[in-house]
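Before any comments, here is the structure.
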Amino acid sequence: FGLSQLHQLRGRVGRGSHQSYCILVSDSKNDVSQERLKLMEQTQDGFELAEQDLLLRGSGQLFGLAQSGLPDLRVANIIKDIEILVQARKDVLEFASQYGMEKLESVMKEELEKRFGEKFLRILYN
363 FGLSQLHQLR GRVGRGSHQS YCILVSDSKN DVSQERLKLM EQTQDGFELA EQDLLLRGSG
423 QLFGLAQSGL PDLRVANIIK DIEILVQARK DVLEFASQYG MEKLESVMKE ELEKRFGEKF
483 LRILYN
């Protein structure tokens with residue numbers, strides 16, 4: 363399970379009127395498992411846990427089925443590079459306002475086809 367799923371499970375414990383406890387146990391001795399348990403102990407913040415889970419497990423594939431592991435997106439780390447990603451979004455919106463959506467879509471489609479080939483086309487036309 364990811365940290366987000368464990369956090370949701372923990373949130374469902376104790377919704378009644380009686381005292382209750384959520385006890386998470388792992389038989390794994392590896393450092394990542396121990397770090398995940400420590401994070402669950404240290405915070406109740408779901409956003410913090412989701413961010414830490416993303417760092418520990420990886421974001422998975424942008425154009426695929428894997429929900430964790432190494433991402434297809436190799437140009438940026440979605441957490442560490444958030445400022446540049448936000449700036450890129452602003453730049454795209456500015457380009458669209460200057461040249462129009464048709465030109466933007468044409469340029470983006472051309473670039474994505476060049477980089478991802480068939481994977482992109484399967485997603486685009488499904």
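By the numbering used here, the letter at position 3 of the sequence shown is numbered 365, and the numbering carries on one by one without gaps. Ideal Cβ placement from N, Cα and C applies to all residues, glycine included. Predicted, not measured: the structure shown is a model, and the values here were computed from it.
- Counted as a single uninterrupted DSSP element, the alpha helix (DSSP H) harbouring residue 404 occupies residues 393 to 404.
- Of all alpha-carbon atoms in 466, 451, 452, the one lying nearest the alpha-carbon of residue 458 is that of 466.
- When C-beta atoms of the stretch 373 to 387 are compared with those of the stretch 409 to 419, fewer than three pairs fall below 8 Å, so the two segments do not count as touching.
- The criterion of a C-beta distance shorter than 8 Å is not satisfied by residue 371 and residue 402.
- Our two residues, residue 462 and residue 417, have alpha carbons roughly 36 Å apart in a direct line.
- Here residue 441 has 413, 416, 417 as same chain residues with Cβ atoms under 7 Å from its own Cβ, once five neighbours each way along the sequence are excluded.
- When the beta-carbon positions are compared, residue 388 and residue 399 come within less than 8 Å of each other.
- For residue 386, the closest C-alpha among the options 448, 455, 474, 369 is that of 369.
- Boundaries of the alpha helix (DSSP H) around residue 365: 365 to 374.
- Shortest Cα-Cα distance from residue 373 to any of 460, 406, 473, 449 involves 406.
- One alpha carbon belongs to residue 450, the other to residue 363, and they sit about 33 Å apart.
- When the Cα atoms are used, residue 448 and residue 438 turn out to be separated by approximately 12 Å.
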